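Just below is one structure, and these are the notes that go with it.
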Amino acid sequence: MKLVIFSGAVSLLVVLLGTSLLIRFLTGRGYAQAIRVSTDDEPYPEHGGKHGTPSMGGLAIIAGILAGYLGAHVFGWRAPSVSGLLALLLCVGLGLVGMADDYLKIFKQRSTGLRGRTKLLGQAAVALAFAGLAIGFPDVDGRTPASHAVSFFRDTKLVLPTALFVVWVWFLVTATTNAVNLTDGLDGLATGAALLPFGAYTLLSVWQYGHDCMFGQPRCYDVRDPLDLAVFAAACAGACLGFLWWNTAPARIFMGDTGSLAMGGALAALAILSRTELLLPILGGLFVIVTLSVIGQVGSYKLTGRRMFRMAPLHHHFEMKGWPEVQIVVRFWIIQGICIAAALGGFYAEWVRQ
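Residue 323 in numbering that gives the first Met the number 0 sits at position 324 of the sequence shown, and the numbers go up by one each step.
Put into structure tokens, the structure is as follows:
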């Protein structure tokens, strides 16, 4: 537990201080993200007050995660596990894809950033590399970081062949990263919404470590490196908490795609490596709701010519209805908290029923 606490504390401190320095650096050079504005054909919520706000805050988040996770291993004088390094790979790799997108938004003043196909190809390349590595590196008991079995609270009896497993991982990673990215539209919304599942994964992984099958317990979890996943999750939670100090309304900095894709990758990695893949949509329930609002909006317009919402994603619908930004964000956080409670309650209930 010392490593978990140390990881979260170091990550929090690094992001708190590092984001302040990043804000000064970006602001001093006028590096700000282009802000979408309304047109006659496409109305958009009034965000004129956000002009000049620097982006690419995800750099501080990634730095905090790296410092927290690696610092904890230096502090404990123990080598990182394969699972932890794979989670870092997915997080940082997707963060680099997001950084390319932010570069176009900031330096080329293209509010749309990378073309959709290009971004998806970058995400796919990182996801496929992660999938291939995750089913290698068996430990002395033959356990690999990821399992071919589809998992919920633990591995189910549905075992995928390698080709389908790779596709499954690609889908999980792409869906999660884009869901977090879609939610990142209001000050502090995605940061606070990600903080909660990272905290939940810290608790969940510590519980799995206390009931690891390697201890010879009859009721156990067959996860390769649960304690190290808890260290990684704590670093992610600490990074989100530190960044929220600067990102809450009125935001001094945006995380950009650098941050949203990195956090989405970290969540997907934790779900896959902790064998809780189907639990992730409940833990990240708000991200699912926001994504479904976009799918519903597009589908409704194509099928009927009418829109379900005034604007999608869902948080912009409430903006167009005149809800204050802070009210939307806090209420969406509450929804996410309810989802977290339901997921952890289900996880514990499954343990009790055994």
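Glycine residues also receive a C-beta, built at the ideal position from the N, C-alpha and C atoms. What you are looking at is a predicted structure, and each value in this text was computed from that prediction instead of being measured.
Proximity below 8 angstroms, CB of residue i to CB of residue j
i: D101; j: G255; result: yes
i: L113; j: L103; result: yes
i: R306; j: V222; result: no
i: G237; j: S6; result: yes
i: L157; j: F129; result: no
i: L89; j: V125; result: yes
i: A341; j: I288; result: no
i: A133; j: T117; result: no
i: V179; j: F286; result: yes
Endpoints, the beta strand (DSSP E) within which residue i is located
i: L157; result: D154 to V158
i: S360; result: Because the chain in this structure spans residues 0 to 353, residue 360 falls outside the shown range and cannot be described.
Where residue i falls, given that 16 or more other Cβ within 10 Å makes a residue buried
i: R352; result: exposed
i: G27; result: exposed
i: A162; result: exposed
i: F231; result: buried
i: D224; result: buried
i: S37; result: At S37, the pLDDT of 49 sits below 50, so the modelled position is not reliable; the number obtained from the coordinates is stated separately. Exposed, by the Cβ-count rule.
i: P53; result: buried
i: R77; result: exposed
i: G321; result: exposed
i: K1; result: exposed
i: R355; result: Any question about residue 355 goes unanswered here, given that the chain covers just 0 to 353.
i: H50; result: exposed
For residue i, the first and last residue of its enclosing alpha helix (DSSP H)
i: V222; result: Premise fails: V222 is in no alpha helix (DSSP H) and is neither H nor E.
i: V3; result: K1 to G27
i: V125; result: G115 to A133
i: V354; result: Any question about residue 354 goes unanswered here, given that the chain covers just 0 to 353.
i: V325; result: E324 to R352
i: V139; result: Element bounds for V139: n/a, residue is neither H nor E.
i: L163; result: T161 to T182
i: L313; result: L313 to M319
Those residues which DSSP pairs with residue i across a bridge
i: S80; result: None, per the DSSP bridge assignment.
i: D211; result: Y220
**OP:** Quick one: which unbroken alpha helix (DSSP H) runs of 4-plus residues sit fully inside the region 244 to 311? Chain order, please.
**Re:** 255 to 272, 279 to 282 and 284 to 303
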